[in-house]
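Visitor: When you read off a place in the sequence shown, starting at 1, and then add 85, the result is the number in our numbering.
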Amino acid sequence: MEAIKLTALRDFAVDHLPRAQQTRKQKHATTDDYHYALYGAAILALASATATAVEQAAAQLLRLTMSLSINWEADKFPTARRRYELGHQAIASAGDLCKLTDTSLPWLTDAMTHEAPPPAPPEPEAAPLPPLLALGLAPLVPGIALTTAEAAAYLKCHPQTLRNWASNGTGPLQPTRTGNRLYWQSVDVLRATTGK
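1) Is it buried or exposed, R266, if we count other Cβ atoms within 10 angstroms and call 16 or more buried?
2) In terms of residues, what are the limits of the alpha helix (DSSP H) holding T246?
3) Which of the three DSSP states is assigned to Q174 in this structure?
4) Can you grab the Cα-Cα spacing for the pair L147 / P224, in whole Å?
5) Pull up the DSSP beta-bridge partners for A230, would you.
6) Along the chain, where does the alpha helix (DSSP H) containing T116 start, and where does it finish?
7) Please report how far the alpha carbon of T233 lies from the alpha carbon of Y268, in whole angstroms.
8) Output the distance between the C-alpha atoms of A261 and T278, rounded to the nearest integer angstrom.
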């Protein structure tokens with residue numbers, strides 16, 4: 086939003102907020118000090134239980150315009166998208182204040198219609214995962230006994246295929262049996278997947 090429109094909205098809000106009018110009368114070392122003081126006055130008015138509807142609307146408008154005017158620290162400075170959103174919220178708050186005070190700001194209705202929203206920031210590209218990690222599998226190391234499901238995942242086949250190999254005694258590898266359970270040696274699975 087243009088600085089001149091922000092200043093006009095700020096002054097419009099201050100005119101309807103006694104606490105902010107007191108702040109305007111005080112001396113401030115810099116423009117930022119003045120903006121911080123107005124921001125504080127808006128926050129106090131919003132927290133007040135005795136503020137009228139007009140004062141609440143003016144405080145909301147002042148808070149939004151000061152959010153856009155203050156030179157925040159780098160880590161608190163709003164992004165272009167957030168500034169666009171704050172600008173639209175300020176216009177809406179100004180419209181509310183106009184209705185409550187029977188005031189008209191002719192430029193207000195088309196203030197934000199010509200401003201296009203900034204593009205959404207691009208999503209960061211994720212680094213490609215190694216093939217096994219992409220499948221949710223840890224790198225295979227020798228000396229581990231794998232279940233049928235784990236061995237099938239590494240071999241990229243159905244677990245039933247491995248069960249068929251075990252029962253028929255066919256296939257490139259054979260399991261060891263412990264009771265009714267089948268275990269596949271990681272060395273054999275590694276050999277089958279790498280061909281070495």
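Beta carbons are placed, not taken as given, at the ideal position from N, Cα and C, and that holds for glycine.
Guide: From the atom records:
1) exposed
2) P244 to N253
3) DSSP, read as helix, strand or coil, puts Q174 in helix.
4) C-alpha separation (whole angstroms): 58 Å.
5) Bridge partners of A230: Q270.
6) T116 to A132
7) Approximately 6 Å, taken between the alpha carbons.
8) Per the sequence shown, the amino acid found at residue 261 is Thr instead of Ala. Rounded to whole angstroms, T261 to T278 spans 19 Å at the Cα level.
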